[in-house]
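A quick write-up on the structure given underneath.
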Amino acid sequence: MASFIYETHMHTSQASACGKSPGKDYIQKYIDAGYSGIIITDHFFRGNCGINRNLPWEQRVHLFCQGYEDAKEAGYKANFPVFFGWEEYYDGDEFLVYGIDEKWMLKHPEMENWTRFEQYQQVHIAGGCVVQAHPFRERDYIKTIHLSTLCVDAVEGVNSDNSPECNGLAVRYAKMLGLPITGGSDNHCADTMRFEKLSGVVFETPLRDIHDYVSAILNRKPFKVHAQPENMIWREDAEIHTPVKIHGENDSIIQGDIKRFLRNGEF
Numbered sequence: 013m014a015s016f017i018y019e020t021h022m023h024t025s026q027a028s029a030c031g032k033s034p035g036k037d038y039i040q041k042y043i044d045a046g047y048s049g050i051i052i053t054d055h056f057f058r059g060n061c062g063i064n065r066n067l068p069w070e071q072r073v074h075l076f077c078q079g080y081e082d083a084k085e086a087g088y089k090a091n092f093p094v095f096f097g098w099e100e101y102y103d104g105d106e107f108l109v110y111g112i113d114e115k116w117m118l119k120h121p122e123m124e125n126w127t128r129f130e131q132y133q134q135v136h137i138a139g140g141c142v143v144q145a146h147p148f149r150e151r152d153y154i155k156t157i158h159l160s161t162l163c164v165d166a167v168e169g170v171n172s173d174n175s176p177e178c179n180g181l182a183v184r185y186a187k188m189l190g191l192p193i194t195g196g197s198d199n200h201c202a203d204t205m206r207f208e209k210l211s212g213v214v215f216e217t218p219l220r221d222i223h224d225y226v227s228a229i230l231n232r233k234p235f236k237v238h239a240q241p242e243n244m245i246w247r248e249d250a251e252i253h254t255p256v257k258i259h260g261e262n263d264s265i266i267q268g269d270i271k272r273f274l275r276n277g278e279f
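The opening position of the sequence shown corresponds to residue 13 in this note's numbering, with each subsequent residue numbered one higher.
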């Protein structure tokens, strides 16, 4: 049976301050790795974005899309699909947004001030979807793990930049919520790509555009996560060292025990 692998989480040097490679440099690398397409998800303006925030909105949006446009042009020449998304930041927690394009963004400057719940509502209205990225990531700059239970359509269960323990927690969390599980490499550099570390999603038929991916998530169509097996395993004794806040309806805080939820689905 044929399989088609897609990268869902990656950054370019044109728009992400942490990106090391321009969009075009990724194309041949992913072709060589056996992928069928990629989704560029640069850090948006509240996150680790490399675009000057003092510029007018239209100019900022145009510059933000240059990494994607660069990759798309190179992909077109190689008959390799490149789709658009972005990664939004809140309080250490981040979200991958898919299904909205530059034309829509230009008309909605209010989007950079959305709350988590507003983001979920407005992205849905626009025909897109929201995926919580690497929810159990633990880093020095993340003071609290924020889990959005009702403001996402799926969970990035496997992130290649996370440990297998953190990924296992995310996979279990998604399963207990009953949400689709995605995978992504969180790739920042074409020159240091290690094929065995890459992640992504696998479909039995090719995606025609980003809306096919959005539809797969929203309509719970079948796809698999491309990842090393150890990243899919939840250990009940896995430690969570960072304080956890659980967000419910309209971003309200749910008082509950995340470990109990991971065990039996109850907060």
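We put the beta carbon where it would ideally sit given N, CA and C, even for glycine.
Local conformation of G111 per DSSP, three classes
coil
Along the chain, where does the alpha helix (DSSP H) containing L189 start, and where does it finish?
176 to 189
For L67, is the classification buried or exposed, using 16 other Cβ atoms within 10 angstroms of its Cβ as the cut-off for buried?
exposed
How far does the beta strand (DSSP E) with V213 in it reach, from first residue to last?
212 to 215
Closest to D37 by C-alpha separation, out of G62, A86, S172, would be which residue?
Comparing alpha carbon positions, the residue from G62, A86, S172 closest to D37 is A86.
Once DSSP output is grouped into helix, strand and coil, what is the label at W126?
Three-state DSSP puts W126 in coil, outside helix and strand.
With which residues is N171 paired in a DSSP beta bridge?
G196
Taking contact to mean at least 3 C-beta pairs separated by less than 8 Å, is the region 192 to 211 in contact with the region 87 to 95?
no
Neighbour-count burial assignment, Q131, 16 or more Cβ in a 10 Å radius
Q131 should be labelled buried.
Tell me, to the nearest whole angstrom, how far the beta carbon of V167 is from that of L189; I am working on the premise that it is less than 8 Å.
7 Å
Buried or exposed for D152, please, with buried defined as at least 16 other CB atoms from any protein chain shown within 10 angstroms of its CB.
Note on D152: under 16 other CB atoms within 10 angstroms of its CB, so exposed under the neighbour-count rule.
Classification of S160 by the beta-carbon crowding that lies within 10 angstroms, buried from 16 upward
Buried, since its Cβ has 16 or more Cβ neighbours within 10 Å.
I need the DSSP call for E150, collapsed to helix, strand or coil.
coil
Say whether the region 123 to 143 touches the region 95 to 107, bearing in mind that this needs 3 or more beta-carbon pairs closer than 8 Å, one atom from each stretch.
yes
What does a CB cutoff of less than 8 Å around W116 pick up in its chain, not counting 5 residues either side in sequence?
A138
State whether the region 241 to 252 contacts the region 168 to 180, with contact taken as three or more CB pairs (one from each stretch) at a distance under 8 Å.
yes
Taking its Cβ as the centre, do 16 or more other Cβ atoms sit within 10 Å of D54, making it buried, or is it exposed?
buried
D44: buried (16+ other C-beta within 10 angstroms of its C-beta) or exposed?
Exposed is the call here.
On the CB-based measure, 16 or more other CB atoms within 10 Å of its CB, does N174 come out buried or exposed?
buried
Leaving out the 5 sequence neighbours to the left and right, which residues in its chain are closer than 8 Å to T127 when beta-carbon positions are compared?
D263
When you compare each of L75, G62, F16 to G46 by their alpha carbons, which one comes out closest?
Closest option to G46, Cα to Cα, is F16.
Exposed or buried, which one is H238 when buried takes at least 16 other CB atoms within 10 Å?
Its Cβ being crowded by 16 or more others within 10 Å, H238 is buried.
Report the rounded CA-to-CA distance for A182 versus G195, giving the unit in angstroms.
10 Å
What does the alpha-carbon distance come out to for the pair W209 and G268?
The sequence as given places Lys at residue 209; Trp does not occur at that position. Near 34 Å, if we compare the C-alpha coordinates of G268 and K209.
Would you call P147 buried or exposed, if buried means 16 or more other Cβ atoms sit within 10 Å of its Cβ?
buried
Coarse secondary structure for G79, derived from DSSP in three states:
helix
Cβ-Cβ separation, P121 to D82 (assumed contact under 8 Å), whole Å
At roughly 24 Å, the Cβ-Cβ gap does not stay under 8 Å, so D82 and P121 are not in contact.
In the structure shown, what three-state DSSP assignment does V142 receive?
V142 falls in the strand class under three-state DSSP.
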